[in-house]
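Notes follow once the structure below has been shown.
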Amino acid sequence: KAGVTQTPRYLIKTRGQQVTLSCSPISGHRSVSWYQQTPGQGLQFLFEYFSETQRNKGNFPGRFSGRQFSNSRSEMNVSTLELGDSALYLCASSLAGGGEAEAFFGQGTRLTVV
Amino acid sequence: EDQVTQSPEALRLQEGESSSLNCSYTVSGLRGLFWYRQDPGKGPEFLFTLYSAGEEKEKERLKATLTKKESFLHITAPKPEDSATYLCAVQDYGGSQGNLIFGKGTKLSVKP
């Protein structure tokens, strides 16, 4: 059974550019959540999608957005990149997103903004 | 506000030296507490879910326990391959489906 797949693994972008990251969840999983991980703040929740609808959103500016497709694959977009957006972006999938289902993480996308 | 605090930040053990990691939490209503292991440059790997005080779960050298205010991850006779950062996360009934609130983690180093 394939795990959660995130692409690309590494990205280098210039300040002011935008970037799109992709996440393919485990087959059959309908919930996809995104997290930002930095050394100082640890893992912080960005947003969660379930059945193509954003169900919850963390405390990040509107430059961070996402979407989910009918096959449960998800993308997140960051516009007008800032140096502070450099981080490991992790995607997690679960069956339904509730506490009764474990979340499984991908390997992450390492974004570096220069 | 939901909070998760893990201690210690870093722990160095000799191979075979058992110890415990602590995760203290504050939530309005606990839906679930999760333990993950993260190796450098990789995503977190799921270990356990605990739902109610008194619950315990075991996997190889790891045992997780839960009380109303904290959880412990006990490591018995650790091996060098147990070296990793261990993350604790909670999910609140209060509203945040799919939203895990993470602690900053405990970085465990096991020396041979």
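As given, the protein sequences belong to chains A and B, one line each in that order.
Heads up, the first sequence is in the numbering used here, so the first residue is 65 and it goes up one at a time.
Heads up, the second sequence is in the numbering used here, so the first residue is 137 and it goes up one at a time.
C-beta: ideal position from N, C-alpha, C; glycine also.
Going along chain A in order, which residues have a C-beta closer than 9 Å to the C-beta of residue i?
i: B:T162; result: Correct list: empty, because the minimum Cβ distance to chain A is about 16 Å.
i: B:L223; result: G106, L107
Looking only at its chain, what residues have a beta carbon closer than 7 Å to the beta carbon of residue i, apart from the 5 residues adjacent to it on each side?
i: A:V177; result: K77, R79, L145, E146, L147, D149, S150
i: A:Q108; result: Y99, Q100, G122
Which residues of chain A have a Cβ atom closer than 8 Å to the Cβ of residue i, listed in chain order?
i: B:G241; result: G106
To the nearest angstrom, report how far apart residue i and residue j are at their CA atoms.
i: A:A156; j: A:G172; result: 9 Å
i: B:Y187; j: B:Q150; result: 32 Å
i: A:P89; j: A:M140; result: 14 Å
i: A:S91; j: A:E116; result: 15 Å
i: B:E153; j: A:N135; result: 47 Å
i: A:V25; j: A:S86; result: A question about residue 25 of chain A goes unanswered here, because the residues of chain A that appear run from 65 up to 178.
i: B:S155; j: B:W171; result: 16 Å
i: A:R94; j: B:P214; result: 36 Å
i: A:T84; j: B:P248; result: 43 Å
i: B:R148; j: A:F133; result: 44 Å
Which residues of chain B have a Cβ atom closer than 8 Å to the Cβ of residue i, listed in chain order?
i: A:G170; result: G179
i: A:E166; result: F170, F182, T185
Inspect the CB distances between the region 211-223 of chain B and the region 172-179 of chain B and report whether three or more fall short of 8 Å.
yes
Residues of the region 185-201 of chain B with a CB closer than 7 Å to any CB of chain A: list them in chain order, please.
T185
Using a Cβ cut-off of 7 Å, which residues of the region 199-221 of chain B contact any Cβ in chain A, in chain order?
none
The region 117-131 of chain A touching the region 202-209 of chain B, judged by at least three CB pairs closer than 8 Å:
no
Taking only beta carbons into account, state which residues of the region 117-136 of chain A come closer than 8 Å to chain B, listed in chain order.
R119, N120, G122
Where the region 146-162 of chain A meets chain B: residues whose CB sits under 9 Å from a CB there
L152, L154, C155, A156, S158, A160, G161, G162
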